[in-house]
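A short write-up of the structure that comes next.
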Amino acid sequence: MTSTHPNALKLRELYADLSRIGEFVHDDVVLHPATRAVDPAVGDQVGREAVVEWERELLGATGDTLVMNVQDITANDQFGTVLGTLEGRFGDVPFAQAFCGVWRFENGKVTEHWENIYTPDLLASLVQVAPSRA
Numbered sequence: 000m001t002s003t004h005p006n007a008l009k010l011r012e013l014y015a016d017l018s019r020i021g022e023f024v025h026d027d028v029v030l031h032p033a034t035r036a037v038d039p040a041v042g043d044q045v046g047r048e049a050v051v052e053w054e055r056e057l058l059g060a061t062g063d064t065l066v067m068n069v070q071d072i073t074a075n076d077q078f079g080t081v082l083g084t085l086e087g088r089f090g091d092v093p094f095a096q097a098f099c100g101v102w103r104f105e106n107g108k109v110t111e112h113w114e115n116i117y118t119p120d121l122l123a124s125l126v127q128v129a130p131s132r133a
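The sequence shown maps to residues 0 to 133 in numbering that gives the first Met the number 0.
Structure, rendered in C-alpha cells:
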C-alpha cells in the first residue's frame, strides 16, 4: 500500500488555492519568480508577507481567473515538485503554459520555492507583478 507524503498533500491544498500560501511557509521563505531570467527588475521575494503579496498580485493580474491545473505532485521531507498547466486571462489575452514548481521544506514548512514556466518571457510580457522586495 502506498501513502501520500504529508508535504504532497500540503502542495495539493496550496495549488487549489494560492491565496493560502501564507499558511504553508516559514517566516523567512524565499520565492524565486518564474520571470527571474528574463526581467532584471524582478527579484527574489523574501519573507512570508512578500510571498503572500506576490501571489495576491499574480491572482489580481488575471482578474482572479488563475487556475493551476496540477498533473503530478511528488514530495518527501525535504523537497516537492509540482507539474501542471497555469491557465488564466491577462486582460483579454488567454494564457496557458506548462509549469514546474520546485519546493524546499524544513519541518513541514516551505522555506524556498522556485517558480518555473515554459515561456517566461511571454508571461513577463503579459503581467507586471509585484516589484522586487529582495
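In this text, a Cβ means the ideal position worked out from N, Cα and C, and glycines have one as well.
Would R55 pass as a contact of G21 if the rule is Cβ separation under 7 Å? The answer is no: Cβ separation not under 7 Å.
Helix, strand or coil for L30, going by three-state DSSP, please let me know. If DSSP states are grouped into helix, strand and coil, L30 belongs with the strands.
Proximity of G87 and T64 at Cβ, strictly below 7 Å: In this structure, T64 lies closer than 7 Å to G87 by Cβ.
Identify which residue in A33, G83 and A95 has its Cα closest to the Cα of A123. For A123, the closest of A33, G83 and A95 by C-alpha to C-alpha distance is A33.
Might you give, ordered along the chain, the residues of its own chain that have their beta carbon closer than 7 Å to the beta carbon of I116, omitting 5 neighbours on each side? Excluding positions up to five away in sequence, the list reads A33, L85, Q96, F98 and L122.
Tell me the rounded alpha-carbon separation between V24 and T110. Cα-Cα distance, rounded: 6 Å.
What residue ranges within the segment 17-91 form continuous alpha helix (DSSP H) runs of no fewer than 4 residues, ordered along the chain? Those alpha helix (DSSP H) runs which fall completely within the segment 17-91 and span 4+ residues are 47-60.
Whole-Å CB distance - R19 paired with L10, under 8 Å assumed: Actually they are not in contact, since the Cβ atoms of R19 and L10 sit about 12 Å apart, beyond 8 Å.
Could you tell me whether the Cβ atoms of V69 and G83 are closer together than 7 Å? Going by C-beta atoms, V69 is nearer than 7 Å to G83.
According to DSSP, is E111 part of a helix, a strand, or is it coil? E111 falls in the strand class under three-state DSSP.
In whole angstroms, what is the alpha-carbon distance linking D71 and A36? Going from the Cα of D71 to the Cα of A36 covers about 25 Å.
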